[in-house]
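Engineer: Quick one: the structure is below, and I'll ask about it shortly.
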Amino acid sequence: MSDLSVTTKSTNPESTDTQMKMKKWIGNILMQIWFPAVLISIWQLVASLQIYPAFMLPGPIAVVQRGWEVLTSGFLFDQIAISLKRQFTGFIMGISGALLLGFMLGISLKMRTWMMSTLKLLYPIPGIAWVPLAILWFGIGDGSIIFIIFMASIWPLLFNTISGIDAINPTLIRASKALGATKFTLFFRVYLPGALPYVITGLRLSYGASWRNIVGAEIVAAASGLGYMINNARSLLAGDEIIVGMITIGILGFVIEKYVFDFLQKVTIKRWGLSNPDA
């Protein structure tokens, strides 16, 4: 009897710990869903009151129904694939140029002196402002969209890379040179690891800029894609399809930001024992 009592007491803490973890997990889920649930309820209530015509403010139920229709027909998947292809192409081109130019300007003060004023002049120009020129140069279609994504995505990573190199302790650079480090070794052992936290942050910012600008660009300069889908739905007074497109854009951006970049950060910064300046 005594042994049984001891055994029961020894297992109670584990059971209590499991229950506490379960309660904490449920609490976290509830904390995350209560606000969207309230917003959706208010949205449905306002739509039910018919203050605005249904095509201007469709309710959540109508949006879900329309979403299911475009999803099962394959139309939504087609537009997603087109937009992602354009965005990925322009984004890769933009970050490639940003990394190359960023490390060059970060390491070479002479090149920075020559080019920085011009780059700072171009930086504030939003990607969407390049739409008229892009259409003149490349016409309506993929070429102009990719160019706009390139112009939107290059700047955040470029300037973050330069800032990352500037943040490296100069003593570390001088010591490496004094020990006979080659330019190759200096880059991969000092500059790249030192700037990496800033580079990861720059990648996140560049991705966000590219994703936001592709929607605006497709509204004006494309005949397909999620942006075009939204604009075409507007011309047809299909408010439910507009909202489906907007929600799709939000979900895609969230998923890529949450899982792709979090994974990238995990396998680089955290594994190398570095710290993220935004953490």
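Under this note's numbering, read the sequence shown as residues -7 to 271, first letter to last. From the three backbone atoms N, C-alpha and C, an ideal C-beta is built for every residue, glycine too.
1. Could you have a look at A214 and say whether DSSP puts it in helix, strand or coil?
2. Are three or more beta carbon pairs between the region 160 to 178 and the region 200 to 220 nearer than 8 angstroms?
3. Within its chain, find whatever has a CB closer than 7 angstroms to the CB of S202; leave out the 5 residues flanking it on each side and keep chain order.
4. Out of G242, A225, I241, T240, which one is the CA nearest neighbour of I234?
5. Measure the alpha-carbon distance for L93 versus V30 and round it to whole angstroms.
6. Which residue wins for smallest C-alpha separation from Q57, given the options L114, A126, D232?
7. How would you write the range of the alpha helix (DSSP H) that A90 sits in, first residue to last?
8. With a cut-off of 8 angstroms on the beta carbons, I'd call G133 and A214 a contact; round off their distance for me.
9. How about F253 and I157: are their beta carbons less than 8 angstroms apart?
10. Can you tell which of M238, I99, K112, L149 has its C-alpha closest to the C-alpha of V191?
11. How is F246 classed by DSSP in three states: helix, strand or coil?
12. Alpha helix (DSSP H) containing T64: first to last residue?
13. Please go through the region 175 to 242 and give each complete alpha helix (DSSP H) segment of 4 or more residues, from N-terminal end onward.
14. Does G194 pass the burial test, meaning 16 or more other C-beta atoms within 10 Å, or should it be called exposed?
15. If distances are taken between C-alpha atoms only, which option among Q71, L37, I21 comes closest to G217?
16. Quick one: grab the DSSP three-state call for Y44.
Structural biologist: Short version:
1. A214: coil per DSSP, three-state reduction.
2. No contact exists between the region 160 to 178 and the region 200 to 220.
3. Beyond the five residues adjoining it in sequence on each side, S202 comes within less than 7 angstroms, by CB distance, of Q79, G82, F83, G86, I141, A144, S145 in the same chain, given in chain order.
4. The candidate whose alpha carbon is nearest that of I234 is A225.
5. One C-alpha to the other measures close to 47 angstroms.
6. Comparing Cα positions, the closest option is D232.
7. 67 to 99 is the span of the alpha helix (DSSP H), which, as asked, contains A90.
8. The distance from the Cβ of G133 to that of A214 is about 7 angstroms, consistent with a contact at the 8 angstroms cut-off.
9. Taking 8 angstroms as the Cβ cut-off, F253 and I157 do not qualify as a contacting pair.
10. Here the closest residue by C-alpha is L149.
11. Helix at F246.
12. It spans 52 to 64 - the alpha helix (DSSP H) in which T64 sits, taken as one unbroken run.
13. DSSP runs (the alpha helix (DSSP H)) wholly in the region 175 to 242: 175 to 178, 184 to 213, 218 to 227.
14. By the 10 Å Cβ count, G194 comes out buried.
15. Cα-wise, what sits closest to G217 is Q71.
16. DSSP places Y44 in the coil class of the three-state scheme, outside both helix and strand.
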